[in-house]
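Residue numbers (the working numbering): 218 to 637.
Here a beta-carbon is modelled for each residue, glycine too, at the ideal position from N, C-alpha and C.
Down below is the structure, laid out as structure tokens.
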């Protein structure tokens, strides 16, 4: 039995997890009177975690935190690699991000150039009890923006700066503490790579591709272009992951850049700062994975046409700036020419990944709920893929998804991203 009666949304949460949450709350020196769990976000927002806001009423003060809880359903746990994604986030919040904070403080990096992250109050990685307890950033006036609206130039640059700082510390650790970096790298799981090793995954990948292509039956030219850039997705996933493992340019990535994984703080409509909030897919990989996924998952065609090269320049300048506090330079650890070459080398993989992200993430209300429910109750990957079929979308959602994919394709072509 949990040592305290929790109110609110406590379904499918074991006593062991509630025990841990209560223990962490007691560590905050609060004389607890009431604890209430409330759902966070809209139904369908969260794919691999059950997210709750923990509201604590005490005798002398109140307290809130965010609890990210692993699903209990065994099929869901297996299909979305819950053990691995929970461990990834545990490592990031309890080891890598605090290490960055420590090094930045020691180097007296100005606060404006430090990486902010949600404070971690506690993390449990026991099987079926996985939970991480984080600062409730809503109390500091942070909010998540509408995933259907393109991030503006200022917001994109703010996230790019965060990414550049995050990436820079892989190079800094490689230079100063290579054993620390190698330990972190070796314990982070590449979920895409693990999925690619599953039985019949090549067939499942083809199913997913066909689901996307079925939306373009009336536009053969677009369909053929999409298909040609999906052809080697399975092989590319494996080959690129194995290549990056010991590549000197590889870094620890956020690895899941889409609008719901960032929070922004505004004052009178002026952006003050942003924070990356999800590290479940964090892994060792190439920096362009984060950069390009942000640009193509979170912006529209018009913004990319206007700012794409400016964004690449900005990222590289911010990478150099962060490295400079530790007597390193982007020119020496990751030259701009190498970044440009990596974008070309990764083009097919990045395009396919952006299309997949679009099909999964760009669903509204009931469609998102239906997909997440199917994900959490599917018995195998084929059943999971069926849950994201495009022919089940409403006309408005299908038109939005098709338009976004076509605009991604057009941007890749016009910006010269595909290899010549």
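Contact test: residue 365 Cβ vs the ligand NAP heavy atom, cutoff 6 angstroms: The ligand NAP is not part of the structure shown, which contains no ligands of any sort.
Alpha-carbon spacing of residue 343 relative to residue 437, whole angstroms: For the purposes of this step, residue 343 is identified with residue 126 of the chain shown, where counting begins at 1. For the purposes of this step, residue 437 is identified with residue 220 of the chain shown, where counting begins at 1. Approximately 50 angstroms, taken between the alpha carbons.
Burial state of residue 487, where buried means 16 or more other Cβ atoms lie within 10 Å: On the chain shown, residue 487 is found 270 positions in, with the first residue counted as 1. Per the 10 Å Cβ criterion, exposed.
Secondary structure of residue 474, DSSP reduced to three states: On the chain shown, residue 474 is found 257 positions in, with the first residue counted as 1. Secondary structure at residue 474: coil, using DSSP grouped into helix, strand and coil.
Buried or exposed (CB count within 10 angstroms, at least 16 for buried), residue 425: Reading the chain shown from its first residue, position 208 is the one you call residue 425. Buried, since its Cβ has 16 or more Cβ neighbours within 10 Å.
Residues of its chain near residue 446, where Cβ-Cβ distance is below 7 angstroms and the 5 sequence neighbours each way are ignored: Here residue 446 refers to the residue found at position 229 of the chain shown. Once the five neighbours on either side are set aside, the close Cβ partners of residue 446 are 565, 568, 569.
Completely contained alpha helix (DSSP H) runs for the stretch 550-604, where each covers 4 or more residues: 553-578, 582-594, 598-603
Assigned exposure category for residue 514 - 16 Cβ within 10 Å defines buried: Indexing the chain shown from 1 puts residue 514 at position 297. That one is buried.
Bounding residues of the beta strand (DSSP E) (the contiguous stretch that carries residue 286): Looking up residue 286 in the chain shown gives position 69. It spans 279-286 - the beta strand (DSSP E) in which residue 286 sits, taken as one unbroken run.
At least three beta-carbon pairs within less than 8 angstroms, the stretch 268-278 to the stretch 244-255: With the cut-off at 8 angstroms, the stretch 268-278 and the stretch 244-255 touch.
Closest by C-alpha distance to residue 581, when choosing among 366, 385, 236: Translated into the one-based positions of the chain shown, residue 581 becomes position 364. When each option's Cα is compared against that of residue 581, the closest is 366.
Contact under 7 angstroms by Cβ, residue 537 with residue 503: The residue you call residue 537 lines up with position 320 of the chain shown. The residue you call residue 503 lines up with position 286 of the chain shown. Judged by beta-carbon spacing, residue 503 lies beyond the 7 angstroms limit of residue 537, meaning their Cβ atoms are not closer than that value.
Residue 379 to residue 535 span [Cα, whole Å]: Against the chain shown, residue 379 aligns to sequence position 162. Against the chain shown, residue 535 aligns to sequence position 318. Distance between the alpha carbons of residue 379 and residue 535: 9 angstroms.
Span of the alpha helix (DSSP H), counted from its first residue to its last, around residue 618: Counting from one through the chain shown, the residue named residue 618 turns up at place 401. Where residue 618 is concerned, the enclosing alpha helix (DSSP H) stretches over 612-631.
C-beta neighbour in chain B for residue 547, strict 7 angstroms: Note that chain B does not occur in the displayed structure, where there is just one protein chain.
Between the CA atoms of residue 282 and residue 218 - distance to the nearest angstrom: Indexing the chain shown from 1 puts residue 218 at position 1. Indexing the chain shown from 1 puts residue 282 at position 65. With a pLDDT of 48 at residue 218, under the threshold of 50, the modelled position of this residue cannot be trusted; read the value that follows with caution. Using only the alpha carbons, I get a separation of about 22 angstroms.
Reference residue 632, options 400, 557, 276, 584, closest by Cα: What you label residue 632 is simply residue 415 of the chain shown in a count that begins at 1. A check of alpha carbon separations from residue 632 across 400, 557, 276, 584 identifies 557 as the nearest.
Simplified DSSP assignment, three categories, for residue 399: Here the question's residue 399 lines up with position 182 in the chain shown. Looking at residue 399 - three-state DSSP - the assignment turns out to be helix.
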